[in-house]
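S.K.: In numbering that gives the first Met the number 0, the protein residues as written are 0 to 332. The beta-carbon is built from N, C-alpha and C at its ideal position, and this holds for glycine as well. It should be emphasised that the depicted structure is a prediction, and the values quoted were computed from it without experimental measurement.
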Amino acid sequence: MRPATLLLALLPLLPMAARGQDATQPLGIGLEGFAYPYPVRFLALSRDGEAQRLAYMDVAPTAAANGRTALLLHGRNFPASYWAPVIAALSGAGYRVVVPDQLGFGKSAKPVGPFSFDRMAADTLGLLDSLGLRRVDVVAHSMGGMLAVRLARTAPDRVNSLVLEAPLGLEDYRFSVPPVDNDTLLRREGELTAAAYRKQLMTSYALSLPESAIAPFVEVRERVKGAGEYPRWLQSFVNSYTMIWGQPVVHEIPLLHVPTLFIMGAADRNAPGKPYAPPELAAKMGRNAENAQALAARMRDGKAIVFEGIGHLVHMEATERFDAAMLDFLNGH
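#1: Quick one, which of Trp244, Pro258, Asp122 and Glu289 has its alpha-carbon nearest Pro274's?
#2: On the DSSP bridge assignment, give the partners of Pro209 in chain order.
#3: Just verifying my parser: in three-state terms, what is the DSSP assignment at Ser175?
#4: Using CA atoms only, rank isn't needed, just tell me which of Ser90, Gly308 and Asp171 is closest to Ala62.
#5: Return the CA-CA distance between Val176 and Gly105, expressed in angstroms with no decimal places.
#6: So, is Ser45 buried or exposed, given that buried needs 16 or more other C-beta atoms within 10 angstroms?
#7: Pick helix, strand or coil for Asp128, following the three-state DSSP scheme.
#8: Output the distance between the C-alpha atoms of Leu9 and Met242, rounded to the nearest integer angstrom.
#9: Just list the residues that DSSP pairs His140 with in beta bridges.
#10: Going by DSSP, which residues form a beta bridge with Asp57?
#11: Using the rule of at least 16 other Cβ atoms within 10 Å of the residue's Cβ for burial, across every protein chain shown, is Thr183 buried or exposed?
#12: Considering just the uninterrupted stretch of the beta strand (DSSP E) at Arg46, what are its terminal residues?
#13: With distances taken between CB atoms, is the gap from Gly272 to Gly310 smaller than 8 Å?
#14: May I ask you to report which of helix, strand or coil DSSP gives Arg67?
#15: Quick one: grab the DSSP three-state call for Lys198.
#16: State the DSSP-derived secondary structure class of Ile252, mapped to helix, strand or coil.
#17: In angstroms, rounded to a whole number, what distance separates the CA positions of Leu333 and Gly225?
#18: Among residues of its own chain, excluding the 5 on either side of His366, which ones have a beta-carbon nearer than 6 Å to its beta-carbon?
#19: Excluding the 5 residues flanking Asn290 on each side, which residues of the same chain have their C-beta closer than 7 Å to its C-beta?
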C-alpha cells in the first residue's frame, strides 16, 4: 500500500488528538466535526413523519475497475469510517465501494421511532437505486450482518455474494434474554462511562487490539453526550438493541441462496443482551464461530473460516488475513 493510501486508511483509527481534533469539544449527533476518510454524501429519506438524511461514502476504484461494486454494512457500535482499511483493499482491487451509515448511526439522521431490518433494507435498496446500482457484493459486520441477511432475503437478485464478518444473529436472543423495558435500557446506556464503555468493547468483543485502537469510538460516544440532541441519539441507539433482540435472522440464514462466506474470530463470544439473561442461559450464548460453521453447513452455498486468537473486529484485528479471505471469495464469485 502506498504511504498516502496507508495514511488515509488509518486516519479513523488514530486518536483524535493525533488528527488535530479537540477530544473535549461536544459533537453533534450527526458527528459533525468528526472526520471520515472519504467525502460524505447524503440521500434524502423520510421516517416517523420527519425528513431524514442517509449518509454514505462512494469510493471509486484506485486500480483498474473490474465493473463491480462492494456495499459495506457497519455494526452497531461503529461509524462507517471504521471500514477505511477494507475500503482501501477493495478499491485497490478494482471495486467501487459504497459505504452507508444506516439511519440512527454515524453521520446519518437519528429517528426516534422503532427500527426494523426490513426498513433498513428498503433504505439500502433506495440508496443503490439512487446510484444506479443493480447488483452488488455485500460485506457486512456485526449488526450489519443481520441487515445483510434481510437484504439478501428481500432482494436476492440485487446481491451477488455475501461476506459476513462476525455477524450478530447467529442465535435467537429471545430464547435466552427476557424483554427489557425502554426505561431500563435508556438508564443503563446513559450511565455508561467512557471507562466502562472501553472495557465493554475490549471484553465483550474479546479484542486482540490495544485500547488505543478503539479510543476514537470511545471519544465519539463521550463527545456526543454534550450535544443538545443527545437524548434523541440515546433513544435511537436503544431502539437498535430492541431491533436486534426482537427481529432474529438465524432462522432465515439457511434459506439464503446467495454465495456466503462467514469470517469469524474464534475468541468472539459477543451476544447482545447477555447481561440480562439468567446465568445458566448466558453461559451458553455467543458460541459464534461454532454457530457460523453449523449454519454454513446447512446452506446451499455457505462457507465459514475461523481466525484463532481474534475477536469481534476481524477486519481491524487481522487486516491482511481478512482482506485476503474477502477478496479471494469475492473474486471467485
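M.R.: Looking at the atomic coordinates:
#1: Nearest of Trp244, Pro258, Asp122 and Glu289 to Pro274, Cα basis: Trp244.
#2: Answer is none; Pro209 lacks a bridge partner.
#3: Reduced to three states, the DSSP call for Ser175 is coil.
#4: Across the set Ser90, Gly308 and Asp171, the C-alpha of Ser90 shows the shortest separation from the C-alpha of Ala62.
#5: The straight-line gap separating the alpha-carbon atoms of Val176 and Gly105 is approximately 27 Å.
#6: Ser45 counts as exposed, since fewer than 16 other beta carbons sit within 10 angstroms of its beta carbon.
#7: Correct three-state label for Asp128: helix.
#8: Per-residue confidence for Leu9 stands at a pLDDT of 45, beneath the threshold of 50, marking its modelled position as unreliable; no derived number is given.
#9: The secondary-structure analysis by DSSP pairs His140 across a beta bridge with Glu164.
#10: DSSP, once it has assigned bridges, lists Val97 as partnering Asp57.
#11: Looking at its Cβ environment, which holds fewer than 16 other Cβ atoms inside 10 Å, Thr183 is exposed.
#12: Arg40 to Arg46 is the span of the beta strand (DSSP E), which, as asked, contains Arg46.
#13: For Gly272 and Gly310, no; Cβs fall outside 8 Å.
#14: When secondary structure is reduced to three states using DSSP, Arg67 falls in the coil class, being assigned neither helix nor strand.
#15: Correct three-state label for Lys198: helix.
#16: Looking at Ile252 - three-state DSSP - the assignment turns out to be helix.
#17: Any question about residue 333 goes unanswered here, given that the chain covers just 0 to 332.
#18: Nothing about residue 366 can be read from this structure; the chain reaches only from 0 to 332.
#19: So the list reads Leu169 and Glu170, once near-sequence residues are dropped.
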